[in-house]
Amino acid sequence: GDSVTQMEGPVTLSEEAFLTINCTYTATGYPSLFWYVQYPGEGLQLLLKATKADDKGSNKGFEATYRKETTSFHLEKGSVQVSDSAVYFCALRTASGGSYIPTFGRGTSLIVHP
Amino acid sequence: DAGITQSPRHKVTETGTPVTLRCHQTENHRYMYWYRQDPGHGLRLIHYSYGVKDTDKGEVSDGYSVSRSKTEDFLLTLESATSSQTSVYFCAISELGQEAFFGQGTRLTVV
Numbered sequence: 001g002d003s004v005t006q007m008e009g010p011v012t013l014s015e016e017a018f019l020t021i022n023c024t025y026t027a028t029g030y031p032s033l034f035w036y037v038q039y040p041g042e043g044l045q046l047l048l049k050a051t052k053a054d055d056k057g058s059n060k061g062f063e064a065t066y067r068k069e070t071t072s073f074h075l076e077k078g079s080v081q082v083s084d085s086a087v088y089f090c091a092l093r094t095a096s097g098g099s100y101i102p103t104f105g106r107g108t109s110l111i112v113h114p
Numbered sequence: 001d002a003g004i005t006q007s008p009r010h011k012v013t014e015t016g017t018p019v020t021l022r023c024h025q026t027e028n029h030r031y032m033y034w035y036r037q038d039p040g041h042g043l044r045l046i047h048y049s050y051g052v053k054d055t056d057k058g059e060v061s062d063g064y065s066v067s068r069s070k071t072e073d074f075l076l077t078l079e080s081a082t083s084s085q086t087s088v089y090f091c092a093i094s095e096l097g098q099e100a101f102f103g104q105g106t107r108l109t110v111v
């Protein structure tokens, strides 16, 4: 079945450092790929998405490129801020028997220190 | 923000009692999902719905049932709550070709 593997955390960085959170996937067909962010006590919010190979999703300084050849969708940001501290989830969605079911990784906690 | 409301937001219940969580949407989206979130496991799908009265099981459906009698409401029922069902439960909605939108979550504690 479909699955998403992302690096375990927590990832601890100083403010203005470069961020990479790795995500790889296994899926049948051609999935859409997503990064979600969860702040403490809240639900998940969509951060960015890509729907086909070589697409780059971007939002709020975060970027991720859909790499079909390596089945990856790594999240990057050039300069993190304290306010970026949250849990980040990589996800994919494929159609299974006509139903669109999102599959999530386990989440990576990011802690940014001033 | 997408119109998704989960109720209650917090609940403490005793082992063996029935519990129903409600997810209400105002977006008229076709797909609705129930996930549970636990440390070390991320989000795991319990049940989902692809239309009124059309539901199917996810990877952790044992001990849970769902119902969807109208487009806007998706109910998750724990027939006889157990301590292993202590978790944070999230409802999500989506439409064809679109991303999923999440509710704020329900924190359930079974004592």
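In the order they appear, the protein sequences are chains A and B.
Heads up: the first sequence at position 19 corresponds to 19 in the working numbering, and the numbers run straight through without jumps.
Heads up: the second sequence at position 50 corresponds to 50 in the working numbering, and the numbers run straight through without jumps.
Even for Gly, the Cβ is constructed at its ideal location relative to N, Cα and C.
Contacts between B:Ser94 and chain A, judged by CB atoms closer than 9 Å, involve Arg93, Tyr100 and Pro102 in chain order. DSSP, reduced to helix, strand and coil, places A:Asp55 outside both helices and strands of the structure shown, so it counts as coil. Assignment of B:Gln85 by DSSP, reduced to helix, strand and coil, places it in the helix class. Contacts with chain B (Cβ-Cβ distance below 8 Å) from the stretch 48-59 of chain A involve Lys49, listed in chain order. Membership of B:Lys11 in the beta strand (DSSP E) is indicated by the continuous run His10 to Thr13.
The count of Cβ pairs closer than 8 Å, one atom from the stretch 5-20 of chain B and one from the stretch 32-48 of chain B, stays below three, leaving the stretches out of contact. Nearest to A:Thr71 by C-alpha distance, out of A:Ala86, A:Lys52 and A:Val82, is A:Lys52. When beta bridges are read from the DSSP output, A:Thr26 appears opposite A:Ser3. Counting C-beta pairs closer than 8 Å gives fewer than three between the stretch 50-66 of chain B and the stretch 96-103 of chain B, which falls short of the contact rule.
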